[in-house]
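*Asks:*
Residue numbers (my numbering), protein chains in the order written: chain S, 1 to 410; chain Y, 411 to 820.
Right, here's the structure in full:
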């Protein structure tokens with residue numbers, strides 16, 4: 001008897017097919033009406049219409065009746081900062097009361113306040129603070145998430161963060177990214193080059209030896225790291241075996257997309273201010289755009305030009321950017337809603353960008369991101385006959401069940 | 411022994427004090443640190459610091475340890491259309507694919523498609539379709555909600571809707587509004603005056619005799635009902651004992667706020683396009699503004715000038731506008747988040763507008779909307795030490811417990 005069969009789903013939005021999805025193909029959710037999903041040994045055995053379910057798969061140790069529901073792959077969140085210490089709710093309040101970011105920074109707030117709290121925290125503390133966030137992510141359908149370091153900004157503290165990410169792996173499966181180039185730490189403000197050299201010569205090789213991070217990343221932004229500094233840190237990552245990604249063109253257009261293309265980054269993230277040349281360069285180099293509409297929503301800035309990216313042949317994924325400052329959103333369902341309302345993606349495009357394409361962003365698309373035989377059985381069921389209910393019922397959690405590797409976890 | 415005591419809450423955001431809150435007072439959440447809430451017979455006995463809890467209230471049939479949590483009054487949602495038949499998820503999809511509202515209307519979509527479905531539905535069907543929506547509202551902390559008719563547009567079908575609202579009362583307590591003037595039904599398009607006369611002479615008196623609706627409401631909007639027609643329908647309500655409210659100045663400024671002031675409406679809702687004269691008239695007449703940022707967010711239109719209204723001395727409440735077309739949002743927590751991010755309210759202002767002031771909008775503030783001795787024990791606990799976490803953790807459901815009349819319902 002197999003482990004699990006989901007039967008009678010009004011729809012399965014399988015996202016089946018090659019990744020990443022480009023152009024009009026992004027809108028193909030691979031729908032199967034009146035569907036079953038059969039699972040054994042943590043893997044998907046088969047997906048298809050109930051009329052064609054093989055006799056052997058009609059019984060299972062767990063039979064889930066999905067009548068009136070839709071089954072989808074678990075969300076893959078390809079960009080988070082969910083591991084950190086400290087609380088910036090108060091800063092959110094101060095900002096709404098009219099305080100500027102600069103003033104908040106002068107009062108000890110902003111990203112460096114999270115750095116101070118994270119440096120002061122033990123690894124156990126980082127693990128304990130992240131757990132409820134990850135639990136809420138799981139409850140809203142996220143089964144895999146990328147998590148960045150970047151609040152340590154010393155080799156020791158960055159490795160401590162990466163170690164916490166490794167310890168938090170499961171039930172939400174985590175993919176770690178070294179973000180040594182997140183910000184110039186306070187003690188290096190007089191000599192940022194010294195910090196860049198530390199990241200290049202010490203931190204990046206040490207993280208590679210530690211063996212947890214799979215990606216490296218830099219915040220390329222006016223006043224943070226310029227394109228040349230970013231390039232040196234990403235190249236160091238590449239040489240150490242960490243695939244580059246890049247925070248690009250968020251607040252100012254500073255050639256981030258062009259740099260991502262030049263260094264062969266897997267993704268360029270944010271892109272609110274991407275140039276036309278940057279879009280062309282990304283399309284030419286096959287760099288994926290990871291769009292983070294939660295951050296532009298929360299900051300009240302312009303959204304990324306999602307349709308222009310798609311039309312130019314750039315593959316697009318969606319992430320939460322979950323972080324204590326610019327976007328505390330934890331739910332990929334909410335991001336799918338924002339992608340529809342603010343970026344004008346269709347529900348099917350947004351769902352594909354939050355599953356299959358997001359899995360490609362993390363280079364786990366061979367195993368995750370769609371409901372196909374042989375793939376890992378990470379799936380969710382929602383209480384609606386139409387997958388478009390996810391963005392439509394904005395802010396309501398429709399998730400009725402979550403399975404990770406075939407095990408029911410919600 | 412008393413029924414319930416909530417102990418050790420990091421904060422109680424009591425909202426205690428007279429309603430409605432105006433101007434700077436809107437931002438006073440009545441915080442009590444390290445708080446208890448004592449409840450018996452469905453009513454609040456006392457709220458205060460743990461250091462001052464009377465001995466008799468330390469034990470109760472239910473003791474809820476709120477360590478690390480915040481306790482607040484349950485949300486009051488003063489503007490919903492949550493009772494209706496039919497599904498417009500597909501229309502949301504078509505709109506994102508580029509179809510205009512006009513084209514959707516020509517294809518049989520829009521509000522009149524909900525009217526057709528609601529007319530075709532039995533009362534039982536209306537009740538069954540609304541239940542999961544109300545269940546999700548309760549799960550996100552809403553303990554009282556207004557619900558409008560307005561998808562029947564015949565006397566019989568409007569009374570059927572109001573009857574369904576009465577049958578759905580509890581655990582979310584419902585306050586019913588007759589919205590006969592929601593739209594001109596298809597069969598009356600050649601002679602809208604005939605329909606206005608029907609609302610005035612037949613429907614409104616019949617609804618008053620039925621005894622369920624407490625308010626009447628009209629959609630005063632260019633192309634729907636003009637100010638004169640709206641005035642006649644609201645006056646008919648007033649004469650029949652239904653207090654007027656008004657959908658005012660949403661898509662076009664057409665004197666809705668001024669009309670609300672002239673007829674002595676309790677609230678004017680929407681107000682995205684309100685004029686300066688309208689704001690002054692509302693302040694002068696004591697008409698409350700019910701702001702619905704979910705609708706402006708979903709439609710991608712300008713938001714209401716919340717700060718100008720507050721500064722002018724207009725009392726402000728927040729509602730979801732939950733409806734199948736322009737805003738399917740069910741969660742008041744999400745609306746509180748939108749009010750902060752999009753309307754630039756502070757967390758405390760938004761929370762007060764979603765509880766005490768919202769209770770005033772429904773004329774139930776003597777009984778609901780704050781944690782004060784003698785008031786009904788409708789309260790929620792959230793998993794954070796700071797009430798600002800509600801807007802900050804946008805889209806995450808932080809609610810850990812909900813009590814209605816002192817009974818645990820979530």
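Yeah, the Cβ is synthetic: ideal placement off N, Cα and C, and Gly gets one too.
For chain Y, is any of its Cβ atoms less than 8 Å away from the one on residue 330 of chain S?
*Replies:* Judged by the 8 Å Cβ criterion, residue 330 of chain S is in contact with chain Y.
*Asks:* Run through chain Y and tell me which residues come within less than 9 Å of residue 347 of chain S, C-beta to C-beta.
*Replies:* What residue 347 of chain S touches in chain Y: 499, 502, 503 and 506.
*Asks:* Give the DSSP-derived three-state secondary structure of residue 394 of chain S in the structure shown.
*Replies:* Looking at residue 394 of chain S - three-state DSSP - the assignment turns out to be coil, as it is neither helix nor strand.
*Asks:* Buried or exposed: residue 96 of chain S, going by 16 or more other Cβ atoms within 10 Å of its Cβ?
*Replies:* With 16 or more other Cβ atoms within 10 Å, it is buried.
*Asks:* Could you have a look at residue 404 of chain S and say whether DSSP puts it in helix, strand or coil?
*Replies:* Residue 404 of chain S falls in the strand class under three-state DSSP.
*Asks:* I'd like to check one pair, residue 534 of chain Y with residue 841 of chain Y: are the Cβ atoms closer than 8 Å?
*Replies:* The structure shown does not extend to residue 841 of chain Y, since chain Y spans only 411 to 820, so no value can be given for it.
*Asks:* Should residue 81 of chain S go down as buried or exposed, given a rule of 16 or more other Cβ atoms within 10 Å for buried?
*Replies:* Per the 10 Å Cβ criterion, buried.
*Asks:* Quick check: is the beta carbon of residue 625 of chain Y nearer than 8 Å to any beta carbon in chain S?
*Replies:* Not one chain S Cβ lies under 8 Å of residue 625 of chain Y.
*Asks:* Where does residue 561 of chain Y sit, in a helix, a strand or coil, going by DSSP?
*Replies:* Coil.
*Asks:* Just to make sure I have the definition right: I need the residues of chain Y whose C-beta is within less than 8 Å of the C-beta of residue 306 of chain S. Which are they?
*Replies:* Result: empty, since nearest Cβ-Cβ is about 12 Å, beyond 8 Å.
*Asks:* Under the three-state reduction of DSSP, which class applies to residue 82 of chain S: helix, strand or coil?
*Replies:* Correct three-state label for residue 82 of chain S: coil.
*Asks:* Closer than 8 Å, CB to CB, is residue 438 of chain Y near chain S or not?
*Replies:* Cβ-Cβ to chain S under 8 Å: no for residue 438 of chain Y.
*Asks:* Could you give the first and the last residue of the continuous alpha helix (DSSP H) run that contains residue 500 of chain Y?
*Replies:* 499-506 is the extent of the alpha helix (DSSP H) around residue 500 of chain Y.
*Asks:* Tell me which residues share the same chain as residue 64 of chain S and place their Cβ nearer than 6 Å to its Cβ, disregarding the 5 neighbours each side in the sequence.
*Replies:* Answer for residue 64 of chain S: 6, listed in chain order.
*Asks:* Out of S:258, S:170 and S:203, which one is the CA nearest neighbour of residue 220 of chain S?
*Replies:* Out of S:258, S:170 and S:203, S:258 has the C-alpha closest to the C-alpha of residue 220 of chain S.
*Asks:* Rounding to the nearest angstrom, what Cα-Cα distance links residue 54 of chain S and residue 38 of chain S in this structure?
*Replies:* Computed Cα separation, rounded: 10 Å.
*Asks:* Mind reading off the beta-carbon distance from residue 826 of chain Y to residue 457 of chain Y? Whole number of angstroms is fine, and I expect it under 8 Å.
*Replies:* Chain Y is shown only over 411 to 820; residue 826 of chain Y falls outside these bounds and no answer can be derived.
*Asks:* I'd like the list of long-range same chain contacts for residue 791 of chain Y, defined as Cβ closer than 6 Å, with 5 residues on each side in sequence excluded.
*Replies:* The answer, listed in chain order, is 476, 479, 481, 810 and 811.
*Asks:* According to the neighbour-count rule (16 or more other Cβ atoms, all chains shown, within 10 Å of its Cβ), is residue 59 of chain S buried or exposed?
*Replies:* By the neighbour-count rule (16 or more Cβ atoms within 10 Å), residue 59 of chain S is not buried but exposed.
*Asks:* Just the C-alpha distance for residue 746 of chain Y and residue 679 of chain Y, rounded to the nearest angstrom, thanks.
*Replies:* Spanning the two alpha carbons is a distance of roughly 16 Å.
*Asks:* Considering only DSSP beta bridges, list what residue 422 of chain Y is partnered with.
*Replies:* Note: residue 422 of chain Y sits in a beta bridge opposite Y:442 and Y:481.
*Asks:* Given that residue 607 of chain Y touches chain S, what residues does it touch there, using C-beta distances under 8 Å?
*Replies:* Within chain S, no residue comes near residue 607 of chain Y; the closest Cβ sits about 37 Å away, beyond 8 Å.
*Asks:* With distances taken Cα to Cα, identify the nearest neighbour of residue 572 of chain Y among Y:551, Y:622, Y:596 and Y:608.
*Replies:* Ranking the options by Cα distance to residue 572 of chain Y, first place goes to Y:622.
*Asks:* Can you check which of these residues, Y:544, Y:732, Y:682 and Y:652, is closest to residue 582 of chain Y by C-alpha distance?
*Replies:* Of the candidates Y:544, Y:732, Y:682 and Y:652, the one whose C-alpha sits nearest the C-alpha of residue 582 of chain Y is Y:544.
*Asks:* With distances taken Cα to Cα, identify the nearest neighbour of residue 19 of chain S among S:235, S:314, S:170 and S:247.
*Replies:* Residue 19 of chain S has its Cα closest to that of S:314, out of S:235, S:314, S:170 and S:247.
*Asks:* Could you say if the region 587-602 of chain Y and the region 550-567 of chain Y meet the contact criterion of at least three C-beta pairs nearer than 8 Å?
*Replies:* Yes, they touch.
*Asks:* Pick out the complete alpha helix (DSSP H) segments inside the region 313-385 of chain S, 4 residues or longer, and give them in chain order.
*Replies:* The qualifying runs are 332-341, 347-353 and 356-361.
*Asks:* How many angstroms separate the CA atom of residue 803 of chain Y from the CA atom of residue 719 of chain Y?
*Replies:* Looking at the two C-alpha atoms, the distance is approximately 26 Å.
*Asks:* Exposed or buried, which one is residue 33 of chain S when buried takes at least 16 other CB atoms within 10 Å?
*Replies:* By the neighbour-count rule (16 or more Cβ atoms within 10 Å), residue 33 of chain S is not buried but exposed.
*Asks:* Name the chain S residues that come within less than 7 Å of residue 546 of chain Y, Cβ to Cβ?
*Replies:* In chain order: 396.
*Asks:* Just to confirm the assignment, what range does the alpha helix (DSSP H) spanning residue 238 of chain S have?
*Replies:* Residue 238 of chain S -> alpha helix (DSSP H) spans 227-240.
*Asks:* By the 10 Å Cβ neighbour count, where 16 or more other Cβ atoms means buried, how is residue 88 of chain S classified, buried or exposed?
*Replies:* With 16 or more other Cβ atoms within 10 Å, it is buried.
*Asks:* Inspect the CB distances between the region 420-440 of chain Y and the region 756-769 of chain Y and report whether three or more fall short of 8 Å.
*Replies:* As far as the Cβ criterion goes, the region 420-440 of chain Y touches the region 756-769 of chain Y, which means the pair count is three or higher.
*Asks:* Name, please, each residue of chain Y whose Cβ falls closer than 7 Å to the Cβ of residue 392 of chain S.
*Replies:* The contacting residues are 499, 502 and 738.
*Asks:* Quick one: does residue 793 of chain Y have its CB under 8 Å from some CB of chain S?
*Replies:* Chain S contact via Cβ: present.
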